[in-house]
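Here's the structure, in C-alpha cells; my notes come after.
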Amino acid sequence: NAGVTQTPKFQVLKTGQSMTLQCAQDMNHEYMSWYRQDPGMGLRLIHYSVGAGITDQGEVPNGYNVSRSTTEDFPLRLLSAAPSQTSVYFCASSYLRATYEQYFGPGTRLTVT
Amino acid sequence: DAKTTQPPSMDCAEGRAANLPCNHSTISGNEYVYWYRQIHSQGPQYIIHGLKNNETNEMASLIITEDRKSSTLILPHATLRDTAVYYCIVRVVDTGRRALTFGSGTRLQVQP
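And the structure:
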C-alpha cells in the first residue's frame, strides 16, 4: 500500500492564482480530510468527507473548495491564492468507524507571494 | 473536547524510557485520550489511545490515572528516531466533524 499520497510536495503561487492540491489513498478509507499547519501551530481542519459525493466544512474553510468523486481521491482547490494561505497542507484518511486513527500524507508546502 | 496541557519540551537519553505527561482535568466520561506524534516535516502519526484502562501496543504504553484527569505516554526504549512533537488529544470517539484538535504538544528531544 502506498498509503496517503500528496502532490505536489512544494508549490509557489502568486497572489490571485488558483491551483489544486492532490490527495489520494489506497486503503479504501471512507473518511478523508484536509488540514493546514502554520509555523509553530497545531493543525486546523479545512474540509472533510465521509464518502464519495459527501463533503463538509471544517474550522477554516474560506478560500478552499473540495469535491469527492471517488473513494480514493480528495483534491483541495485554492480559488484565488492569498499570502495568508501560505502553510503546510496535510491530507488524512481513516475508516469511518475509527476516525481517531487517521493516516496522514507527507504534506504539501505552499508559499503564496 | 476537553482541554489538554502538556509541557512544551522534554529531553530523554537514548535507550531510556521517555515519559510524556498530559493533563486533562476536565475530561468527561465518554472522552478518550489519543496520542499522535509528528516527526519534523512529516504528517502526524497515530500512536495509541485509551479510555480508562492502561493500553500497550508495539509503539508505546498509555497510563491513565484512575480519576482520568491525567495520562502518561511511555516510550520504553527511546531512540533518536523518536525525536518528535507529541500531541495528547481528548475527544469523544465520534463527532459530527470528526476533527482532531492538535494543540502545541511536547517537543521530545532524544539525546545520544
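Protein chains in written order, with the working numbering: chain A, 1 to 113; chain B, 1 to 112. Glycine included, every Cβ here is placed at the ideal spot set by N, Cα and C. Only a predicted model underlies this, so the values are computations on that prediction, with no experimental measurement involved.
* Helix, strand or coil for A:R36, going by three-state DSSP, please let me know. => Strand at A:R36.
* CB contact flag (B:Y36, B:I89, <8 angstroms) -> For B:Y36 and B:I89, yes; Cβs fall inside 8 angstroms.
* How would you write the range of the beta strand (DSSP E) that A:I46 sits in, first residue to last? -> Taken as a continuous stretch (DSSP letters only), the beta strand (DSSP E) holding A:I46 covers 43–51.
* Taking Cβ-Cβ distances shorter than 8 angstroms, what residues in chain A pair up with B:A99? -> Neighbours of B:A99 in chain A, taken as residues whose beta carbon is under 8 angstroms from its own, are S33, L45, Y48, G58, E59 in chain order.
* To do: State yes or no: is the beta carbon of A:G53 nearer than 8 angstroms to at least one beta carbon in chain B?
  => Chain B, which has no Cβ nearer than 8 angstroms to the Cβ of A:G53, makes this no.
* Asked: Can you tell me whether DSSP reads B:Q42 as helix, strand or coil?
  -> Of the three classes helix, strand and coil, the one that applies to B:Q42 here is coil, per DSSP.
* Mind listing, in chain order, the continuous beta strand (DSSP E) runs of no fewer than 3 residues lying wholly within the stretch 45–85 of chain B? => With a minimum length of 3 residues, the continuous beta strand (DSSP E) runs that stay inside the stretch 45–85 of chain B are 45–50, 61–64, 70–75.
* Pairwise C-alpha distance: A:L79 and B:R175 -> Residue 175 of chain B lies beyond the stretch modelled for chain B, which goes from 1 to 112, so this question has no answer here.
* Three-state secondary structure assigned by DSSP to A:A24 -> Strand, per DSSP.
* Measuring CA to CA, which of A:G42, A:Y89, A:E30 is closest to A:I54? -> With distances taken between Cα atoms, A:I54 lies closest to A:E30.
* Asked: Would a check of beta-carbon distances place A:E101 closer than 8 angstroms to chain B?
  -> Chain B, which has a Cβ nearer than 8 angstroms to the Cβ of A:E101, makes this yes.
* To do: Identify the contact partners of A:F74 in chain B, using a Cβ-Cβ distance below 7 angstroms as the criterion.
  => Chain B residues near A:F74: none, gap ~14 angstroms exceeds 7 angstroms.
* Report the residue from B:T65, B:A18, B:G43 whose alpha carbon sits nearest the alpha carbon of B:L108. => Distances from the CA of B:L108 to each of B:T65, B:A18, B:G43 were compared; the closest alpha carbon is that of B:A18.
* To do: Consult DSSP for A:A2 and reduce its assignment to one of helix, strand or coil.
  => The three-state reading of DSSP puts A:A2 in coil, since its state is none of H, G, I, E or B.
* State the DSSP-derived secondary structure class of B:A99, mapped to helix, strand or coil. => DSSP places B:A99 in the coil class of the three-state scheme, outside both helix and strand.
* Going along chain B in order, which residues have a C-beta closer than 7 angstroms to the C-beta of A:P8? -> The contacting residues do not exist; A:P8 stays about 15 angstroms from chain B at best.
* Asked: So is A:V12 buried or exposed if we call it buried at 16+ other beta carbons inside 10 Å?
  -> A:V12 comes out exposed.
* Asked: Can A:L110 and A:L76 be called in contact, C-beta distance under 8 angstroms?
  -> No; because the gap between Cβ atoms is not below 8 angstroms, this pair is not in contact.
* To do: On the DSSP bridge assignment, give the partners of A:G111 in chain order.
  => Checking the sequence shown, residue 111 of chain A turns out to be Thr, not Gly. Bridge partners of A:T111: A:V12.
* Please list the partners that A:P106 has in chain B, where partner means a Cβ-to-Cβ separation under 7 angstroms. => Chain B residues near A:P106: Q42, G43.
* So, are the CB atoms of A:A52 and A:R68 less than 8 angstroms apart? -> In this structure, A:R68 lies closer than 8 angstroms to A:A52 by Cβ.
* Identity of the residue in B:Q111, B:T56, B:T5 nearest B:T79 by Cα -> When only C-alpha atoms are compared, the closest one is B:Q111.
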